[in-house]
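**Student:**
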Amino acid sequence: NAGVTQTPKFRVLKTGQSMTLLCAQDMNHEYMYWYRQDPGMGLRLIHYSVGEGTTAKGEVPDGYNVSRLKKQNFLLGLESAAPSQTSVYFCASRQLAGAYNEQFFGPGTRLTVL
Amino acid sequence: AQSVTQPDIHITVSEGASLELRCNYSYGATPYLFWYVQSPGQGLQLLLKYFSGDTLVQGIKGFEAEFKRSQSSFNLRKPSVHWSDAAEYFCAVGARGGTASKLTFGTGTRLQVTL
């Protein structure tokens with residue numbers, strides 16, 4: 349099993365450009381999450397999904413959109429990138445049953461917006 | 038809403054010394070508690086978790102943590118640190134019964150190990 353994978357690993361954008369980050373998991377997990385990690389701020393939840401075809405806003409959703417068309421994939425989109433979106437983005441997934449089940453994390457995508 | 042405080046931004050210990058990383062949480066009931074470790078350039082890996090029962094939980098890599106309800110704490114400990122333990126450590130809290138079991142993370146503690 350590959351676990352949780354993220355594509356791409358690194359990306360540099362210019363202000364106003366758009367891009368999509370792809371998260372894929374092969375563990376048949378129902379729940380998927382997108383976080384951003386900034387120095388001194390820990391991980392903050394952007395959007396999450398509790399199943400195929402469903403998405404919901406997290407703590408810092410502005411400027412991002414998501415889609416979960418297939419159970420194994422969770423896409424994070426930036427329609428018009430801003431320097432404030434320079435960050436490391438992590439995807440995670442979790443089994444449906446048991447709130448105490450851990451979230452499994454991908455390796456991250458480092459995004460720089462110039 | 039739940040919250041997590043990790044009061045130490047950066048800690049330096051000598052290899053072989055003991056380690057304690059502090060975590061305090063705010064939540065109205067008994068929460069789910071987690072410790073994750075992040076090595077440089079990597080994603081987060083679960084060290085251990087608490088959800089009920091014995092308040093001293095054992096994790097991977099020789100780590101343990103103790104849940105203290107009276108102090109709202111879940112401190113991470115290791116009796117003898119190895120150079121490979123240098124990483125960033127995150128405490129997280131999850132609400133019981135909440136939708137999607139969202140986690141709230143602390144701001145992290147960066148551990149440096151000197152030889």
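Protein chains in written order, with my numbering: chain V, 349 to 462; chain W, 38 to 152. Positions of the beta carbon are idealized from the N, C-alpha and C atoms, including for glycine. On a predicted model such as this, the values are computed, not experimentally measured, just so you know.
#1: Check whether the Cβ of Gln39 of chain W lies closer than 8 angstroms to any Cβ atom in chain V.
#2: What is the rounded straight-line gap between the Cα of Tyr73 of chain W and the Cα of Gly364 of chain V?
#3: Under 7 angstroms between beta-carbons, which chain V residues line up against Thr144 of chain W? List them in chain order, please.
#4: What does Gly454 of chain V touch in chain W if you count any residue whose Cβ is under 7 angstroms from its own?
#5: Going by DSSP, what residue range makes up the beta strand (DSSP E) through Cys60 of chain W?
#6: Using a Cβ-Cβ distance under 8 angstroms, would Phe358 of chain V count as near chain W?
#7: Of the residues that make up the region 103–127 of chain W, which ones have a beta carbon closer than 7 angstroms to any beta carbon in chain V?
#8: Could you tell me if Leu152 of chain W is buried or exposed, where buried requires 16 or more neighbouring beta carbons within 10 angstroms of its beta carbon?
#9: DSSP beta-bridge partners for Phe452 of chain V?
#10: If you measure between the beta carbons of Asn369 of chain V and Tyr383 of chain V, is that distance less than 8 angstroms?
#11: Would you kindly report the start and end of the unbroken beta strand (DSSP E) that includes Tyr87 of chain W?
#12: With 16 as the cutoff for other CB atoms within 10 Å, does Gln149 of chain W come out buried or exposed?
#13: Can you find a C-beta in chain V that's less than 8 angstroms from the C-beta of Lys139 of chain W?
#14: For Thr42 of chain W, which residues does DSSP report across the bridge?
#15: Apart from the five residues on each side of it in sequence, which residues of its chain come closer than 6 angstroms, Cβ to Cβ, to Asn61 of chain W?
#16: Please list, in chain order, the chain B residues whose beta carbon lies closer than 8 angstroms to that of Phe422 of chain V.
#17: In chain W, which residues lie with their C-beta within 7 angstroms of the C-beta of Gln451 of chain V?
#18: Give me the subset of the region 358–388 of chain V whose CB atoms are less than 7 angstroms from a CB atom of chain W, sorted by chain position.
#19: What ranges does the beta strand (DSSP E) occupy inside the region 350–383 of chain V, keeping only unbroken runs of at least 3 residues that lie completely in it?
**Tutor:** Reading from the atomic positions:
#1: Counting from one through the second sequence, the residue named residue 39 of chain W turns up at place 2. Not one chain V Cβ lies under 8 angstroms of Gln39 of chain W.
#2: If you number the second sequence from 1, residue 73 of chain W lands on position 36. If you number the first sequence from 1, residue 364 of chain V lands on position 16. Their backbone Cα atoms lie some 34 angstroms apart in a straight line.
#3: Stepping through the second sequence from its first residue, residue 144 of chain W is reached at position 107. Simply Gly388, Met389 and Gly390.
#4: As a working note, residue 454 of chain V is residue 106 in the first sequence. Ordered by position in chain W, the residues that pass the 7 angstroms Cβ test against Gly454 of chain V are Gly80.
#5: Within the second sequence, residue 60 of chain W is the residue found at index 23, counting from 1. Counting along the chain, Cys60 of chain W falls outside any beta strand (DSSP E), and DSSP gives it neither H nor E.
#6: One-based indexing of the first sequence puts residue 358 of chain V at position 10. Chain W contact via Cβ: absent.
#7: Phe127
#8: For the purposes of this step, residue 152 of chain W is taken as residue 115 along the second sequence, with counting starting at 1. Leu152 of chain W should be labelled exposed.
#9: Indexing the first sequence from 1 puts residue 452 of chain V at position 104. For Phe452 of chain V, which the question treats as bridged, DSSP gives the partners V:Ser441.
#10: In the first sequence, the residue the question calls residue 369 of chain V occupies position 21. In the first sequence, the residue the question calls residue 383 of chain V occupies position 35. Going by the sequence as given, residue 369 of chain V is Leu instead of Asn. Not a contact, by the Cβ cut-off of 8 angstroms.
#11: Taking the first residue of the second sequence as 1, we reach residue 87 of chain W at position 50. It spans Leu81 to Tyr87 - the beta strand (DSSP E) in which Tyr87 of chain W sits, taken as one unbroken run.
#12: The residue you call residue 149 of chain W lines up with position 112 of the second sequence. So Gln149 of chain W ends up on the exposed side.
#13: Residue 139 of chain W sits at position 102 when you count from the first residue of the second sequence. Closer than 8 angstroms: yes.
#14: Locating residue 42 of chain W in the second sequence gives position 5, counting from the first residue. According to DSSP, Thr42 of chain W bridges with W:Asn61.
#15: Against the second sequence, residue 61 of chain W aligns to sequence position 24. Cβ neighbours of Asn61 of chain W beyond the five flanking positions: Thr42, Ser109 and Ser110.
#16: Among the chains of the structure shown, chain B does not appear; the protein chains present are V and W.
#17: Residue 451 of chain V sits at position 103 when you count from the first residue of the first sequence. Ordered by position in chain W, the residues that pass the 7 angstroms Cβ test against Gln451 of chain V are Leu140.
#18: Tyr379 and Gly388
#19: 352–355, 358–361 and 367–373
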